[in-house]
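A short worksheet on the structure shown next.
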Amino acid sequence: MRTYTFGIPVTELPVPVLEGKRLEGWYLDEGYTESFTGTTKDTLGELTVYAKWKDAVVESITLDAAELALMEGETGEIAVVEILPEDAVEKKVTFESQDEAIVSVDENGNIQAMAPGTTTVVARAGEAKAICHVTVNPLPTPTSTVTPTPTPHIY
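Residue numbers (the working numbering): 134 to 288.
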């Protein structure tokens with residue numbers, strides 16, 4: 134809540150800063166039903182306005198890789214390198230594989246390559262998501278070599 138004394142038109146108020154919060158708007162009542170839209174030159178005296186706040190939520194996630202290639206049976210990791218805004222209230226990131234038959238992923242971004250193919254791992258926090266395309270390559274097929282047995286020569 135703030136009280137201002139006017140004598141000149143005011144079309145917008147300063148944006149205050151509150152850690153972990155975002156200003157949703159200024160209102161003329163405590164119930165946040167009547168928005169403050171400004172004053173005119175005829176507005177005189179004091180005016181009390183109320184700030185409506187909402188929690189700052191994650192707006193973007195940056196991963197350390199947009200693509201990852203693994204061999205079947207191999208493990209890897211996708212790491213979160215940045216979450217914005219920095220003062221977001223809930224920064225918990227969850228990971229999800231779009232095809233668990235190809236790769237599985239745990240809550241820390243550790244990946245297990247299960248079978249050859251391509252899928253996407255999605256990291257989510259707040260309203261944001263980031264993706265990493267994962268390709269699992271098949272193990273090389275072992276080749277067998279046949280060594281011929283020498284035939285004895287009789288003379």
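Virtual Cβ for every residue (Gly too), placed ideally from N, Cα, C.
query, result
"Can you tell me whether residue 254 is buried or exposed? The criterion is at least 16 other CB atoms within 10 Å of its CB, across all chains shown.", "buried"
"Run through the segment 157 to 211 for me and flag every whole beta strand (DSSP E) of 3 or more residues, listed as ranges in chain order.", "178 to 188, 193 to 196, 200 to 204 and 208 to 210"
"Run the CB neighbour count on residue 159, radius 10 Å, all protein chains shown included, and call it buried at 16 or more, exposed below.", "buried"
"Just list the residues that DSSP pairs residue 97 with in beta bridges.", "Lying before the first or after the last residue shown, residue 97 is absent from the chain, which here runs from 134 to 288."
"Buried or exposed for residue 168, please, with buried defined as at least 16 other CB atoms from any protein chain shown within 10 angstroms of its CB.", "exposed"
"State the start and end residues of the unbroken beta strand (DSSP E) segment that holds residue 238.", "236 to 238"
"With respect to the beta strand (DSSP E) encompassing residue 217, which residues constitute its N-terminal and C-terminal limits?", "213 to 217"
"Since residue 227 sits in a beta bridge, which residues does DSSP pair it with?", "257"
"Can you tell which of 283, 252, 246 and 284 has its C-alpha closest to the C-alpha of residue 272?", "246"
"Using a Cβ-Cβ cutoff of less than 6 angstroms, which residues in the same chain neighbour residue 203 once the five nearest sequence positions on both sides are dropped?", "209, 246 and 269"
"With a 10 Å radius around its C-beta and 16 neighbouring C-beta atoms as the bar for buried, classify residue 235 as buried or exposed.", "buried"
"With a threshold of 16 other CB atoms inside 10 Å of the CB of residue 214, please say whether the residue is buried or exposed.", "exposed"
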